[in-house]
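These notes concern the structure reproduced below.
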Ligand SMILES: Cc1cc2nc3c(=O)[nH]c(=O)nc-3n(C[C@H](O)[C@H](O)[C@H](O)COP(=O)(O)O)c2cc1C
């Protein structure tokens, strides 16, 4: 039996991304988000236009999408309810957010240099995607949310995630993304069924 309901959020479970960007003074900001999806070499990011991250991305046109594995959950949780924006926007202040200029220090993660963008990598994240701003699309008013398309310029992968030493194939059985599911943290279970879609992708990549 189904019921019709009116939930506040529809966060059905997506991977957590730590977005690093540069602030106006050249320091780094790091923010957790999870409304992200990928197509080909592009990613669409859903975030508030009032976040420091989106202000930075629209000004600098660059970021790094760092994907934490599930064992980094406590570091990610330490970034919750923090913003790099000063003063803190009123709505966020009411939710208990505070300004934090040193997000890396607060969560205990380490910054490293990227190759093509000035924003830093998060060294502990097994996946680091250097990216360039393409365009933003506003959600229907009165929301401050924007969907922002970025183009992936460079992919850094922890070597242990590669399929049998292959150069360009990530082994999904090794990758353990951190998932946000209705504002709670989850990890993935194991593979449950062979996938018919995987074969043509695998064949196309196998010689690389
Ligand atoms: C696990 C997690 C996932 C989040 N996902 C999103 C999201 O998808 N979109 C968003 O706007 N905010 C999301 N937030 C809230 C942002 O982290 C928050 O807006 C924060 O202030 C952004 O930091 P900044 O202002 O320094 O950019 C998430 C927070 C956590 C802890």
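Residue numbers (this note's numbering): 4 to 211. For every residue, glycine included, the Cβ atom is placed at its ideal position computed from N, Cα and C. Since the model is a prediction, treat every value here as computed from it, not as a measurement.
Member of the options whose CA lies at the smallest distance from the CA of residue i
i	options	result
residue 109	118, 115, 131, 84	84
residue 128	51, 102, 160	160
residue 10	185, 117, 45, 201	185
residue 89	97, 98, 81, 102	102
residue 32	42, 87, 202	87
residue 26	115, 152, 7, 122	122
residue 42	173, 152, 200, 126	152
residue 49	100, 77, 19, 30	19
residue 3	195, 120, 73, 37	Any property of residue 3 remains undetermined from this structure, which presents the chain solely from 4 to 211.
residue 180	191, 172, 158	191
residue 23	126, 16, 17	126
residue 172	124, 150, 188, 201	201
residue 162	154, 156, 174	174
residue 39	52, 29, 21	21
residue 12	189, 82, 183	183
residue 176	95, 144, 78, 195	195
Residue(s) in a DSSP beta bridge with residue i
i	result
residue 101	85
residue 157	133
residue 171	Answer is none; residue 171 lacks a bridge partner.
residue 43	DSSP lists no partner for residue 43.
residue 3	Any question about residue 3 goes unanswered here, given that the chain covers just 4 to 211.
residue 69	21, 131
residue 30	Paired residue(s): none; residue 30 is not in a bridge.
residue 51	148
residue 115	124
residue 13	Bridge partners of residue 13: none, in fact.
residue 92	In DSSP, residue 92 forms no bridge with anything.
residue 36	20
CB contact below 8 angstroms: residue i versus chain C
i	result
residue 40	Reference to chain C is not applicable here, since this structure consists of a single protein chain.
Residue i, enclosing alpha helix (DSSP H) - first and last residue
i	result
residue 110	106-110
residue 57	55-63
Residue i: first and last residue of the uninterrupted beta strand (DSSP E) it sits in
i	result
residue 200	Residue 200 -> no beta strand (DSSP E), and no H or E assigned at all.
residue 190	187-190
residue 182	181-184
Are at least three pairs of beta-carbons, each pair with one atom in the region 50-57 and one in the region 165-180, less than 8 angstroms apart? These segments do not touch.
May I ask you to verify whether the region 122-136 touches the region 65-80, counting CB pairs closer than 8 angstroms and requiring at least 3? Touching, yes, given that three or more Cβ pairs across the two stretches are closer than 8 angstroms.
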